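Chemist:
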Amino acid sequence: MKSKTISRRTALKLLASSAAGGAVGMPLLRSRNAHAQDNKPYFLITLTCTGGASMIDAFMPVRSSESANGATLNTFEDDEVIEAPTVTPIKAVRLRDSLLSNSSFVGAIPFTPYHANPNLMAEFAARNLADMQVVTYTGTSVNHTIAQKRALTGNAAWRGRTLAEAVAATYGDGFTLPNVNMGFMGYIENGSDDTIPPRAKHETVQVPYTYPLALDGARGIQGAPSKSLVDKARALRNTKLEASSKFVADRQMDARIQRWIRQRDEAMAVENADLITKLQYLPDDASVPLGQYGLLESPEGAAVRAAFPDWLVDPLEGQAALAFLLLKYQVSCAVTIGPNFNIQLNSASQFVQTPLAYDNSHSAHRYTQAGMWHRMISIADRLIALLKAEVFDPASGETFWDRSLIYFATEFGRTKERPSGATSFGSSHDLNNGALIVSPLVNGNQVLGGVYPDTCLTYGFDRVTGAAAPGTTMSEADIFAGLLQSLGIDTSGSSLPDMPAMTG
Amino acid sequence: MGLALMAAVGCSNDSPGTDRANNQNNQNNQNNQNNSNNGNNQNNIDPDMGGDCGTVEFAGTVNFKRGTRLGNDYAQALGLPANELCRELGQFDCISFVHRVPMGDPEPYVSGMYEPLKDTSVSTTLITERVAMSGCIQRVDRDLADPPNAVIFKDWSEATMDPASTEASVAINTLYQRMLLRSPEAEEVAAIQEFYTEVSAESDQPGRDWAVLSCFSVLTSMEAVFY
Chain A
6 MKSKTISRRT ALKLLASSAA GGAVGMPLLR SRNAHAQDNK PYFLITLTCT GGASMIDAFM
66 PVRSSESANG ATLNTFEDDE VIEAPTVTPI KAVRLRDSLL SNSSFVGAIP FTPYHANPNL
126 MAEFAARNLA DMQVVTYTGT SVNHTIAQKR ALTGNAAWRG RTLAEAVAAT YGDGFTLPNV
186 NMGFMGYIEN GSDDTIPPRA KHETVQVPYT YPLALDGARG IQGAPSKSLV DKARALRNTK
246 LEASSKFVAD RQMDARIQRW IRQRDEAMAV ENADLITKLQ YLPDDASVPL GQYGLLESPE
306 GAAVRAAFPD WLVDPLEGQA ALAFLLLKYQ VSCAVTIGPN FNIQLNSASQ FVQTPLAYDN
366 SHSAHRYTQA GMWHRMISIA DRLIALLKAE VFDPASGETF WDRSLIYFAT EFGRTKERPS
426 GATSFGSSHD LNNGALIVSP LVNGNQVLGG VYPDTCLTYG FDRVTGAAAP GTTMSEADIF
486 AGLLQSLGID TSGSSLPDMP AMTG
Chain B
660 MGLALMAAVG CSNDSPGTDR ANNQNNQNNQ NNQNNSNNGN NQNNIDPDMG GDCGTVEFAG
720 TVNFKRGTRL GNDYAQALGL PANELCRELG QFDCISFVHR VPMGDPEPYV SGMYEPLKDT
780 SVSTTLITER VAMSGCIQRV DRDLADPPNA VIFKDWSEAT MDPASTEASV AINTLYQRML
840 LRSPEAEEVA AIQEFYTEVS AESDQPGRDW AVLSCFSVLT SMEAVFY
């Protein structure tokens, strides 16, 4: 793929022009507290940056010239850091053309597509600056699976419930499948809060493009009797055959039997909602003749395939396509998507993901971080565009994006050191890091906390004012609380801290 | 497991006149012994409850069979190759591929799930129905197309189908024996036979659809999907 580079100057202009009229640290465009005052749902999209996304390789980079130890820390050359300090504290990384053109490899792996747009980070910031919030925190585990789960539970900050479970418990009543999780490893684990309503626990999706088929008991099976008759057969089973079964009679109080009975009832609502059509983004063509199986393509199928053209070969694009449909049709109020640890090709047989995703940084830190950030930002960028184009409330004109929050969750940061002057080096896991949140619901155009230039370690911020607080660090629970409060969730009684700095 | 444990403590007064629990018990006895050997048996039978097996509460004693086990049971009951039991859109294997995770099997390679889901989900109930429906359609259509080699629905055709016939009773009994490892109760046979009236009111091929849906209702019953 030919690189379509634009100059650093152009990227800088993009970044600078994006916050027209805005001032650093000031809320932009809209009231940030509006979300707390209506009864309409909000939507959480958790985008898992699997493997350890380093915030100082994205929107908090440090210039080598700013650091007393620039040569031996993970810092960037001056021309690799894009910033517009009069309009935003958020910076972006743009790797030098010389590095990109001289190396189309990450370690031994050819990754030309990574370099398709080295300015994507700046362009993404330009488009979404008012909604971007970069926060610092220091985690509690450098074990992937444990840290993944803690990124979603705030290290069990609220009885162990995940962010998605909390959202689904709050807003999920009107949703058929409130919480859908397509994540990986620790990101796909349930929380441990038994007080969460069962419906708020997630539905697990393994293969996005066939998942809609799982939402009907018989449609799409050639030769199946009519739905009316299938329903009658269910009634025969439920009311007569099982009523005669001693196996069932003896075990009817069993928790798993009770759960099954409840889920079977809920499944009828799923089936009646015709999700097998609404979520069906497979095209009705010769390779997958939906019509032959009595199925229809979603009215939004073409749109999501256009936005995520690699939906078939790249699971992350398929997840994003399904996530949009789950939100658009208000099937779910919480969706979790993210890459796994497998190397990934696109439809042009080009590598778009390193093995172990961000964790390939062990072998090739800078290019892995750049490539994976490129991948995640690109997915988010396209999801945001779709959500912005979709009206949620015709009366108010609100779009789905106006009520959505994307949380770029990750396990941990990476170690900050490098061999003197090296541009290709490996890194290990480091508790110290930060996170990216993009949403109209948060206090946008903000970097909360900061980076010590001489160590590249991040420090904290005042929970109320957001003022940088060197000498402190934020916890997983702080970020967890700020995310929930930004989504209008009442956390009183939870012992979570109040985080007005994040909610605005 | 619960029934087996009762048998072990002398509570074996099964319902008279049936062998329905016996085969299940044999299987569960094996499971129970295994668990006991592992020290995992958490059943707690209260001796004060006497010998009335029907009053014993079996909380926490059953498990969903999960995809692989359930698929194999279906395939064996229906006399079909397991890899032909269910293919979504004629292409994607239901059990080993597209529905593997929600059916409760681990999936380490793509989802990083080294352990299976702890509990069933809403979609598990629907997928179970899809797998059963797919298998039942194949079994019935093959039996009708090739009567000499029929496995369950023997010696009948759409034209001569009579739910009150001996052939229908034999088919229902065969279905129960192959799937639930027991004979049906008289009320179960009657309920399935009566179901034909509902089917015939709506279907152009009532005999075939009755057979498919009877199979479907037995295979998706909780007795079939839990152990």
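Chains A and B are the protein sequences, given in the same order.
Plus 5 on top of the position in the first sequence (first one is 1) and you've got my numbering.
Plus 659 on top of the position in the second sequence (first one is 1) and you've got my numbering.
Ideal Cβ placement from N, Cα and C applies to all residues, glycine included.
All values reported here derive from a predicted model rather than from experimental measurement.
In the segment 81-101 of chain A, which residues sit with their C-beta less than 7 Å from some C-beta in chain B, listed in chain order?
Modeler: Taking 7 Å as the Cβ-Cβ cut-off against chain B, none of the residues of the segment 81-101 of chain A qualify.
Chemist: Please identify, using Cβ separations under 7 Å, the residues of the segment 291-307 of chain A that lie next to chain B, in order along the chain.
Modeler: If the cut-off is 7 Å between Cβ atoms, the segment 291-307 of chain A has Val293 and Tyr298 near chain B.
Chemist: Using CA atoms only, rank isn't needed, just tell me which of A:Thr181, A:Ser197, A:Trp265 and A:Pro505 is closest to B:Met881.
Modeler: Counted from its first residue, the second sequence places residue 881 of chain B at position 222. Closest option to B:Met881, Cα to Cα, is A:Trp265.
Chemist: Which residues in the same chain have their Cβ closer than 6 Å to the Cβ of A:Ser197, if we skip the five residues on either side of it in sequence?
Modeler: In the first sequence, residue 197 of chain A corresponds to position 192, counting from 1. Answer for A:Ser197: Gly165, listed in chain order.
Chemist: Closest to A:Gly476 by CA distance: which of A:Ala482, A:Ile484 and A:Thr460 is it?
Modeler: Along the first sequence, read from residue 1 onward, the residue named residue 476 of chain A stands at position 471. Out of A:Ala482, A:Ile484 and A:Thr460, A:Thr460 has the C-alpha closest to the C-alpha of A:Gly476.
Chemist: So what's A:Val147 in DSSP terms, helix, strand or just coil?
Modeler: On the first sequence, position 142 is the one that residue 147 of chain A refers to. A:Val147: coil per DSSP, three-state reduction.
Chemist: Mind checking who A:Leu453 pairs with in its DSSP beta bridge?
Modeler: As a working mapping, residue 453 of chain A is identified with position 448 in the first sequence. A:Val140, per the DSSP bridge assignment.
Chemist: On the three-pair Cβ rule with 8 Å, is the segment 773-784 of chain B touching the segment 328-345 of chain A?
Modeler: Verdict: no, contact absent.
Chemist: Is A:Ile342 close to chain B, meaning its C-beta is less than 8 Å from at least one C-beta of that chain?
Modeler: Against the first sequence, residue 342 of chain A aligns to sequence position 337. It does not: the Cβ of A:Ile342 has no partner Cβ on chain B nearer than 8 Å.
Chemist: Checking contacts by CB at 8 Å: is B:Thr879 closer than that to chain A?
Modeler: Residue numbering aside, residue 879 of chain B sits at position 220 when the second sequence is read from its first letter. It does; some Cβ of chain A falls within 8 Å.
Chemist: Decide if A:Trp306 is buried, meaning its Cβ has at least 16 other Cβ atoms within 10 Å, or exposed.
Modeler: Locating residue 306 of chain A in the first sequence gives position 301, where the first residue counts as 1. Note on residue identity: the sequence assigns Gly, not Trp, to residue 306 of chain A. Result: buried.
Chemist: Could you run through the segment 812-838 of chain B and flag, in chain order, every residue whose CB is less than 8 Å away from some CB of chain A?
Modeler: Flagged: no residues at all.
Chemist: Cβ of A:Glu276 within 8 Å of Cβ of A:Gly228?
Modeler: Taking the first residue of the first sequence as 1, we reach residue 276 of chain A at position 271. Taking the first residue of the first sequence as 1, we reach residue 228 of chain A at position 223. Result no, Cβ atoms of A:Glu276 and A:Gly228 do not sit closer than 8 Å.
Chemist: Quick one: complete alpha helix (DSSP H) runs, 4+ long, within the segment 818-849 of chain B?
Modeler: Within the segment 818-849 of chain B, the complete alpha helix (DSSP H) runs of at least 4 residues are 825-839.
Chemist: If you follow the beta strand (DSSP E) that A:Ser409 is part of, which residue opens it and which one closes it?
Modeler: As a working mapping, residue 409 of chain A is identified with position 404 in the first sequence. Where A:Ser409 is concerned, the enclosing beta strand (DSSP E) stretches over Ser409 to Thr415.
Chemist: Would you mind sorting A:Glu170 into buried or exposed? The rule is 16 or more other CB atoms within 10 Å of its CB.
Modeler: Here residue 170 of chain A corresponds to residue number 165 of the first sequence, with the count starting at 1. Buried, because 16 or more other Cβ atoms sit within 10 Å of the Cβ of A:Glu170.
Chemist: With the cut-off set at 8 Å, would you say A:Gly426 and A:Ala76 are in Cβ contact?
Modeler: Position 421 of the first sequence, counting from 1, holds the residue named residue 426 of chain A. Position 71 of the first sequence, counting from 1, holds the residue named residue 76 of chain A. The answer is yes: Cβ separation under 8 Å.
Chemist: With respect to 7 Å, is the separation between the Cβ of A:Asp503 and the closest non-hydrogen atom of the ligand GDP below this value?
Modeler: The ligand GDP is absent from the structure shown, which contains no ligands of any kind.
Chemist: Are A:Val318 and A:Leu284 closer than 8 Å when you measure CB to CB?
Modeler: By 1-based counting over the first sequence, the position of residue 318 of chain A is 313. By 1-based counting over the first sequence, the position of residue 284 of chain A is 279. Result no, Cβ atoms of A:Val318 and A:Leu284 do not sit closer than 8 Å.
Chemist: Classify A:Arg518 as helix, strand or coil using the three-state DSSP reduction.
Modeler: With chain A covering only 6 through 509, there is no way to say anything about residue 518 of chain A.
Chemist: Out of curiosity, what's the CA-to-CA distance linking A:Ile484 and A:Pro424?
Modeler: Reading the first sequence from its first residue, position 479 is the one you call residue 484 of chain A. Reading the first sequence from its first residue, position 419 is the one you call residue 424 of chain A. When rounded, the distance between both Cα atoms is 32 Å.
Chemist: For A:Glu403, would you say it is in contact with chain B, using Cβ-to-Cβ distances shorter than 8 Å as the test?
Modeler: Here residue 403 of chain A refers to the residue found at position 398 of the first sequence. For A:Glu403, the answer is no, since every Cβ of chain B falls outside 8 Å of its Cβ.
Chemist: Just curious, the alpha helix (DSSP H) that B:Phe875 is in, first and last residue?
Modeler: The sequence position of residue 875 of chain B within the second sequence is 216, counting from 1. Unbroken alpha helix (DSSP H) run through B:Phe875: Pro865 to Leu878.
Chemist: Pull up the DSSP beta-bridge partners for B:Arg789, would you.
Modeler: Position 130 of the second sequence, counting from 1, holds the residue named residue 789 of chain B. Per DSSP, none; premise fails for B:Arg789.
Chemist: Taking 8 Å as the threshold (C-beta atoms), are B:Glu826 and B:Gln864 in contact?
Modeler: As a first step, residue 864 of chain B must be located in the second sequence, where it is residue number 205. As a first step, residue 826 of chain B must be located in the second sequence, where it is residue number 167. Going by C-beta atoms, B:Gln864 is not nearer than 8 Å to B:Glu826.
Chemist: To the nearest angstrom, report how far apart B:Gly669 and A:Ser337 are at their CA atoms.
Modeler: Position 10 of the second sequence, counting from 1, holds the residue named residue 669 of chain B. Position 332 of the first sequence, counting from 1, holds the residue named residue 337 of chain A. Note that B:Gly669 has pLDDT 33, beneath the 50 cutoff, so the model's placement of it is unreliable and the number below is only indicative. Taking the straight line joining both Cα atoms gives about 51 Å.
Chemist: Please name the residue, chosen from B:Ala860, B:Gln852, B:Tyr886 and B:Pro761, that lies closest to B:Cys874 on a Cα-to-Cα basis.
Modeler: By 1-based counting over the second sequence, the position of residue 874 of chain B is 215. The residue with the shortest Cα to Cα distance from B:Cys874 is B:Gln852.
Chemist: Out of B:Ala883, B:Phe854, B:Pro843 and B:Ala734, point me to the one whose CA is closest to B:Cys753's CA.
Modeler: Residue mapping note: residue 753 of chain B aligns to position 94 of the second sequence, counting from 1. When only C-alpha atoms are compared, the closest one is B:Ala734.
Chemist: Leaving out the 5 sequence neighbours to the left and right, which residues in its chain are closer than 8 Å to A:Pro536 when beta-carbon positions are compared?
Modeler: Given that chain A is displayed from residue 6 to residue 509, the structure contains no residue 536 of chain A and the question cannot be resolved.
Chemist: Tell me which residue opens and which closes the beta strand (DSSP E) that A:Leu441 is part of.
Modeler: One-based indexing of the first sequence puts residue 441 of chain A at position 436. Asn437 to Val443 is the span of the beta strand (DSSP E), which, as asked, contains A:Leu441.
Chemist: Taking all protein chains shown into account, decide if A:Gly498 is buried (16 or more other Cβ within 10 angstroms of its Cβ) or exposed.
Modeler: Here residue 498 of chain A refers to the residue found at position 493 when the first sequence is read from its first residue. Answer is exposed; the Cβ neighbour count stays below 16.
Chemist: Check the Cβ of B:Ile796 against every Cβ in chain A and list those closer than 8 Å, keeping chain order.
Modeler: As a first step, residue 796 of chain B must be located in the second sequence, where it is residue number 137. Simply Ile226, Gln227, Gly228 and Ala229.
Chemist: Express the C-alpha separation of B:Gly771 and A:Asp407 in angstroms, rounding to a whole number.
Modeler: In the first sequence, the residue the question calls residue 407 of chain A occupies position 402. In the second sequence, the residue the question calls residue 771 of chain B occupies position 112. The alpha-carbon atoms of A:Asp407 and B:Gly771 are separated by roughly 33 Å.
Chemist: Can you list, in chain order, the residues of its chain whose CB lies under 7 Å from that of A:Met190, leaving out five sequence neighbours each side?
Modeler: As a working note, residue 190 of chain A is residue 185 in the first sequence. So the list reads His149, Thr150 and Gln153, once near-sequence residues are dropped.
Chemist: Determine the contact status of A:Arg380 and A:Val357, defining contact as a CB-CB distance below 8 Å.
Modeler: Position 375 of the first sequence holds residue 380 of chain A. Position 352 of the first sequence holds residue 357 of chain A. Yes, the pair counts as a contact, with Cβ atoms nearer than the cut-off.
Chemist: Which residue marks the beginning of the alpha helix (DSSP H) containing A:Asn351, and which one marks its end?
Modeler: As a working note, residue 351 of chain A is residue 346 in the first sequence. Element bounds for A:Asn351: n/a, residue is neither H nor E.
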